[in-house]
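Read through the structure below, which is laid out as structure tokens, and then see the notes.
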Amino acid sequence: MIHLTWTELRRSNARTLAILLIAVSAVLLALDGMWRGQWLRLIYNHDSSLFVLLPLALAGGAILGRRDRRTGVHELVGATPRPRVARTVPPAAALAAAAAGAHLLIFAVATVIVAVNGSYLSVAPIAMALAGAVVLVGGTWLGLAAGRAWSSPLVPPALAVLGLVLQFSASESTPGELNRLSNLSLLAQPPGSDWEAPTAQAVFSRLALGVGFAAAGFLLTAGSSWLPRVVAVPVLAGALVAAAVLPGTTMAGRYRIDPGAERLVCSGQVCLTAAHANLMDEVAPQVRRALTLLAKLPGAPQRAVEWRSDRVWELGDSIDAAGAQRAEPDILQIDLDLGNGKPGPHLTESALLGAGTRWNGCYNGESVAQYAAGAWLLGTDDMVVYDGFGAPPGDFGAEVRQTVAKLRQLPPDEQVRRVTALRDASADCVQDLMPYLTDGVRP
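In my numbering, the protein residues as written are 797 to 1239.
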């Protein structure tokens, strides 16, 4: 049997399919370079590539399934004394080896890249890559069954198009929302942060889909009577139901907080999560400058820590309301603004917003008072902070400049007192901060 499988690998389209899957996977990963230093983002990107790879697997299996009829030997092969199952195993095994091998080879290479460029790896998320390999194996076997049932040359491209259309329809069934049907699309909603890993439910959902595809495809291909072919229908239906139900309809059903990725890695006064520790050399100088400027105020923080979340980001959450943990009184909590995979160019300014309280977990949003306090500490009339979602409107900047100008007209000690009062009020989650700067309100 091994010899026959090896022969199929050499003579069938299995090797071509493997090369195609590897090439397409590489292109898809290259389109988004943010995963190169982020392990959990690689897990998501690699898994999402199944959206395109599964249709290719279906088509590849169908091409091999058409072979006997296309070459005119199906009647001769069918007349041999070998059982149908024995005739099915070698081509099915060749397709499985090609599809799974291609998927896992790309994953292994990408893992090495993350290991070189990143700072965090873990074992559990690998299960998602293994489940994805099973999905591709199942796809090739379903295609093999379709190709043997219908010998038309239109079957392979039709299966590929159908695979894409059905997934797209599922994912767009309710745009901007999660539902059971959207769980059937292999292009899942991305995680909200780099410390969110797939849940066991999400992995089992993928695995159920792959096992169902594989079982149904093998029963349809190898079955020599109507019974196994009939059994394949409820098997496939059960797999689809399990894949739709298991992850639930919330992001918390698909992702979980990975404590290892949130573990703090420190360099002097600056601590980043393990997921982002590889960025320390770029982040630390800007953050240390912010700590130095904050030292103008009494009771200034002595250490800076990257903000972390105690729950998964859900659709509809704002960027600063995704379960951010409250900061300790002597801790400056910072956000790295990793919109493009690299730290933002204005980390110092971002850290100074609200006199160091912008990312303290109070969900205060951005306000003129926060910007004015930061500009005062920075010694400028305005603040340039880009958070990945666009800069504040023009009149916002004018208000900041006016507020800073009025603040600087006060005696130096009063300026310090008012900015300190704003900081303390913001740390207590007070929403209206402007009176602390303009009216001298005490916390």
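Here a beta-carbon is modelled for each residue, glycine too, at the ideal position from N, C-alpha and C.
Exercise. Between the stretch 1031 to 1043 and the stretch 944 to 959, do three or more beta carbon pairs fall short of 8 angstroms?
Worked result: no
Problem set entry | Tyr1167 to His1142 span [Cα, whole Å] | 13 angstroms
For this session: Pick out whichever of Asn913, Ala927 and Arg883 has its Cα sitting closest to the Cα of Gln997.
Result: Ala927
Exercise. With DSSP run on the structure shown, which of helix, strand or coil describes Val912?
Worked result: helix
Problem set entry | C-alpha gap between Ala810 and Ala888, whole angstroms | 10 angstroms
For this session: For Leu1134, collect the residues of the same chain with a Cβ closer than 7 angstroms to its Cβ; drop the 5 residues on either side in sequence, then sort them by chain order.
Result: Excluding sequence positions up to five before and after Leu1134, its CB lies less than 7 angstroms from no other CB in the same chain.
Problem set entry | Residues that Glu1102 bridges to, as DSSP identifies them | Ile1130
Problem set entry | Chain-order list of residues whose beta-carbon lies under 8 angstroms from that of Lys1138 (same chain, five-residue window excluded) | Leu1075 and Glu1078
Problem set entry | Where the beta strand (DSSP E) containing Leu980 begins and where it ends | The continuous stretches of beta strand (DSSP E) do not include Leu980, and DSSP gives it neither H nor E.
For this session: Would you please state the rounded distance, in angstroms, between the beta carbons of Glu973 and Met1047? I believe it to be under 8 angstroms.
Result: At roughly 11 angstroms, the Cβ-Cβ gap does not stay under 8 angstroms, so Glu973 and Met1047 are not in contact.
For this session: Report all residues from its chain with a CB closer than 8 angstroms to the CB of Pro1094; omit the five preceding and five following residues, and keep chain order.
Result: Val1212 and Thr1216
For this session: Name the two residues that bound the continuous beta strand (DSSP E) containing Val1061.
Result: Leu1060 to Ser1063
Problem set entry | When Val908, Asp1178 and Gln963 are compared against Ser844, the one with the closest alpha-carbon | Gln963
Exercise. Would Val1066 be called buried (16 or more neighbouring beta carbons within 10 Å of its own) or exposed?
Worked result: buried
Exercise. According to DSSP, what are the bridge partners of Val1066?
Worked result: Ser1063 and Ala1100
For this session: Pull up the DSSP beta-bridge partners for Arg832, would you.
Result: Listed as beta-bridge partners of Arg832 by DSSP are no residues whatsoever.
For this session: Would you list the one or two residues that DSSP bridges to Pro994?
Result: Tyr1051
Exercise. Is Ile815 buried or exposed, if buried means 16 or more other CB atoms sit within 10 Å of its CB?
Worked result: Classification of Ile815: exposed, given that the 10 Å Cβ count is below 16.
Exercise. For Tyr1159, which option in Ile859, Val1083, Thr1144 and Trp1103 has the closest C-alpha, if you only look at C-alpha atoms?
Worked result: Trp1103
Exercise. What is the DSSP secondary structure of Ser1163, counted as helix, strand or coil?
Worked result: coil
Exercise. Smallest Cα separation from Val1200: which of Ser1146, Val1180, Leu1173 and Leu1087?
Worked result: Per the C-alpha coordinates, the member of Ser1146, Val1180, Leu1173 and Leu1087 positioned closest to Val1200 is Leu1173.
Exercise. How many Å lie between Asp1131 and Glu1058 at the Cα?
Worked result: 13 angstroms
For this session: Look at Arg1219 and Thr1144 and say whether their C-beta atoms are less than 7 angstroms apart.
Result: The Cβ atoms of Arg1219 and Thr1144 lie no closer than 7 angstroms to each other.
Problem set entry | alpha helix (DSSP H) segment containing Thr812, residue limits | Segment Ala810 to Ala826, the alpha helix (DSSP H) holding Thr812.
For this session: Have a look at Ala1194 and Met1230 and give me their C-alpha separation to the nearest angstrom.
Result: 15 angstroms
Problem set entry | Whole-Å CB distance - Gly935 paired with Gly861, under 8 angstroms assumed | Wrong, their Cβ atoms sit about 12 angstroms apart, outside the cutoff.
Exercise. What distance in whole Å lies between the Cβ atoms of Arg1052 and Val1108, which are believed to be in contact at a cut-off of 8 angstroms?
Worked result: The beta-carbon separation of Val1108 and Arg1052, rounded to 7 angstroms, stays under the 8 angstroms limit for a contact.
Exercise. Does DSSP put Gln1082 in a helix, a strand or coil?
Worked result: helix
Exercise. Can you tell me the Cα-Cα spacing of His1072 and Gln834, whole angstroms?
Worked result: If I take the Cα positions, the gap works out to 8 angstroms.
Exercise. Just how far apart, CA to CA, sit Gly1013 and Gly1019?
Worked result: 10 angstroms
Exercise. Span of the alpha helix (DSSP H) holding Glu1145?
Worked result: Leu1143 to Leu1148
Exercise. In terms of alpha-carbon separation, which member of Leu1003, Ala984 and Lys1202 lies closest to Asp1177?
Worked result: For Asp1177, the nearest C-alpha among the options comes from Lys1202.
For this session: Using only alpha-carbon positions, find the residue among Ala941, Glu992 and Pro952 that is nearest to Arg883.
Result: Ala941
Exercise. Are Ser967 and Ser981 touching if we call contact CB-CB under 7 angstroms?
Worked result: yes
Exercise. Quick one: is Glu992 buried, meaning 16 or more other Cβ sit within 10 Å of its Cβ, or exposed?
Worked result: So Glu992 counts as buried.
For this session: Check the Cβ-Cβ distances between Gly1157 and every residue of chain B, and say whether any is below 7 angstroms.
Result: Protein chains in the displayed structure number just one, and chain B is not present.
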